Amino acid sequence: MPLKLYPALPADAGRISEIHMAAFGSNAMLLAQFRTPDVREGLRESIRLKTLADIDDPKISVLVVRNIPSDSDVSNITKAGDGSCHHSPIDGPPGERRTEETLLGKVIAFAKWSHPVRRNEEYEETAWIWPPGTDMNILESWGRATEEVQEQAVGDYPCYPLGLTFMGTDPAHERKGAASMMVRWGLDQCKKDGMPGYLESTLDAARFYEKMGFAAFRTISLRYLVEGHDEYEVYKEIAFLYHHSST
Numbered sequence: 001m002p003l004k005l006y007p008a009l010p011a012d013a014g015r016i017s018e019i020h021m022a023a024f025g026s027n028a029m030l031l032a033q034f035r036t037p038d039v040r041e042g043l044r045e046s047i048r049l050k051t052l053a054d055i056d057d058p059k060i061s062v063l064v065v066r067n068i069p070s071d072s073d074v075s076n077i078t079k080a081g082d083g084s085c086h087h088s089p090i091d092g093p094p095g096e097r098r099t100e101e102t103l104l105g106k107v108i109a110f111a112k113w114s115h116p117v118r119r120n121e122e123y124e125e126t127a128w129i130w131p132p133g134t135d136m137n138i139l140e141s142w143g144r145a146t147e148e149v150q151e152q153a154v155g156d157y158p159c160y161p162l163g164l165t166f167m168g169t170d171p172a173h174e175r176k177g178a179a180s181m182m183v184r185w186g187l188d189q190c191k192k193d194g195m196p197g198y199l200e201s202t203l204d205a206a207r208f209y210e211k212m213g214f215a216a217f218r219t220i221s222l223r224y225l226v227e228g229h230d231e232y233e234v235y236k237e238i239a240f241l242y243h244h245s246s247t
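Dropping the structure here:
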């Protein structure tokens, strides 16, 4: 089925949480911060609640990619895979207004782009509500490490760049182009607004972002000790920057 990019709906929050855990459930940093199955189950709800807040936040664009049924009900929809975002509701039977969420296929991928915020702007993003049992020491240490590198990347720029904060694809639908569509949307915003783009990538995904036009800025590293373990672990990600003039 064709893929299409949409703004996320509140009803998508549960599915986004499901995809997030399917895509990142084996990530070493996630497992260090949320050590037990019960805590990770609580994280699902934390992700759902944060997604609802993000969808309602004008400074955040939450995107989803859907499989589109190839039937007559959606013959009036342009089946574009160009990264464009589509907004129009679809007419259903008389007396019923069917939304994109109910008419179109299942969400297979999501992304969250944070829009530029000026340094003196009065804006505060909705805080996460972490589940009981979260290892706050590791979580906050990693947060400080990422914030430090982001500040270095921003430098003297008057505002924080467009940032890809999360992106995940259902493992059953990988390598179908969903991630490229969502990244391309962000790059188009960078070009339109004359703004740089920023993200933090796992080591495995780094090559993908390089192909999309991002340049590695700095490696983020944290040495940490998981409770009950005798040896320290080291976790790394790569901070990337995108400048529209470089492509």
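Using UniProt numbering, you'd call the opening residue of the sequence shown number 1 and step up by one each time. Yeah, the Cβ is synthetic: ideal placement off N, Cα and C, and Gly gets one too. Since the structure is predicted, the reported quantities are computational estimates derived from the model, not experimental observations.
Q) By the 10 Å Cβ neighbour count, where 16 or more other Cβ atoms means buried, how is His229 classified, buried or exposed? A) exposed
In whole angstroms, give me the CA-to-CA distance for Val234 and Ile138.
12 Å
Discussion item. On the DSSP letters alone, give me the boundaries of the alpha helix (DSSP H) that Ala205 sits inside.
Written reply: Here Ala205 belongs to no alpha helix (DSSP H), and DSSP marks it neither H nor E.
query: Cα-Cα, which of Gly168, Val154, Thr169 is closest to Leu162?
result: Val154
Figure out for me which residue from Tyr123, Gly42, Tyr232 has the closest Cα to the Cα of Asp57. Tyr123
* To do: Helix, strand or coil for Gly163, going by three-state DSSP, please let me know.
  => strand
Practice prompt. Return the residue from the list Ala205, His244, Val226 that minimises the CA-CA distance to Arg175.
Written response: Ala205
Q | Alpha-carbon to alpha-carbon, Leu225 and Ala13 | A | 32 Å
- prompt: At what residues does the alpha helix (DSSP H) containing Ala178 begin and finish?
  reply: 178-193
Worksheet item: Where does Gly213 fall in DSSP's three states?
Response: coil
Fill in: Ala109 and Ala32 closer than 8 Å at C-beta
no
Would you mind listing the alpha helix (DSSP H) stretches within the region 19-73 that are 4+ residues and don't spill past its ends, in chain order? 28-33, 37-55
- prompt: Are Lys59 and His115 closer than 8 Å when you measure CB to CB?
  reply: yes
- Message: On the criterion of 16 or more Cβ atoms from any shown chain inside 10 Å, does Ile129 qualify as buried, or is it exposed?
- Response: exposed
- Message: Would Trp113 and Gly213 be called neighbours here (beta carbons separated by less than 8 Å)?
- Response: no
Three-pair Cβ contact test at 8 Å for the region 34-42 versus the region 4-11:
no
Leu3 and Asn67 - do their beta-carbons sit closer together than 8 Å? yes
TODO: Go through its chain and collect everything with a Cβ distance to Ile238's Cβ below 6 Å, but skip five positions before and after it.
DONE: Ser201, Ala206, Ala216, Thr219
How big is the Cα-Cα spacing for Trp142 and Ser70?
44 Å
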